[in-house]
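In terms of numbering that gives the first Met the number 0, the sequence shown has 138 at position 139, counting the first letter as 1, and numbering is strictly consecutive. The C-beta atom is built at its ideal place from N, Cα and C for all residues, glycine as well.
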Amino acid sequence: MSGLKLWIALCLVLLVSAGGVLAEDEAEQPPDEDPGEEDAAPPRVGIVSYGPARMDDAMEARFPEEARWLETELERFLVLERRHETAARRGGAVLIADSGRSPADGLAAGIREVLPRAGWHSVALSLPEAPLEPVPERAAADQDEVEPDEADPGEENDGAEGEPERAMVIDVLRSEGRDQGHLDDYREVALNRVGAAVAELRNQGIENIALIGLGEGADLATRYMLANQAMFM
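Written out as structure tokens, the structure is:
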């Protein structure tokens with residue numbers, strides 16, 4: 000019996016020791032946080048952006064060995080130029096990024112990495128800053144105008160005291176001609192950039208030239224090719 004009692008006492012000691020260890024582990028673990036609690040911190044999103052005026056300066060600082068300044072009759076702008084990395088050169092490629100995007104980021108950056116390894120000498124450029132659309136003019140509707148002396152004093156007036164409400168309309172049709180003029184000027188600057196990049200490749204003796212456009216850059220590439228079909232035949 001003494002042996003049995005000793006064995007039972009030993010088991011009790013082991014159980015107590017194990018229970019103490021489990022209790023310490025549970026005490027060390029932090030309580031589960033309820034995602035629905037009001038004091039939960041909201042997610043934070045940080046965005047770093049360069050304005051259009053600083054995009055060229057940022058690319059020049061980021062890629063000093065690839066940055067090249069080209070000039071047209073209208074402006075001076077920056078491109079990123081990379082030479083082919085193969086023994087034989089297949090040709091030259093003008094890469095046109097989407098509007099508001101840098102040729103050093105996103106899909107354009109991936110294409111820039113692939114072209115040299117495939118034997119292409121590339122010149123990548125961004126599009127000029129998109130023109131701001133003019134604010135449509137506001138005009139008072141003649142049929143809705145109310146003269147101060149004709150206002151009904153019994154009607155409710157949400158405006159200032161003594162000032163009748165005046166219905167305002169926006170004349171969109173008046174701004175259509177100006178919008179088209181801004182768009183034509185923008186396309187002229189953008190197409191000149193493409194032409195300057197093509198000329199840069201030709202000055203280096205490259206005759207086989209391809210245009211690669213992304214987003215709005217694809218539209219500009221198509222317009223340039225249609226206007227210079229003999230060059231790409």
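- Going by beta carbons, P102 and A189 fall outside the 8 Å limit.
- Taking 8 Å as the upper bound for CB-CB distance, A196 and T71 are not in contact here, some 10 Å apart.
- Annotation: the region 55-84 contains no complete segment of the alpha helix (DSSP H) (minimum length 4 residues).
- Nearest neighbour of S125 by Cα position, chosen from G214, A220, T85, S98, turns out to be S98.
- The Cβ-Cβ distance between L77 and R111 does not fall below 8 Å.
- Inter-segment contact for the region 179-186 and the region 88-96 is absent: fewer than three beta-carbon pairs are separated by less than 8 Å.
- A check of alpha carbon separations from E84 across E65, L114, A108, E215 identifies L114 as the nearest.
- CA-CA distance, F231 to M54, rounds to 30 Å.
- Taking C-alpha positions only, Y185 is separated from R192 by approximately 11 Å.
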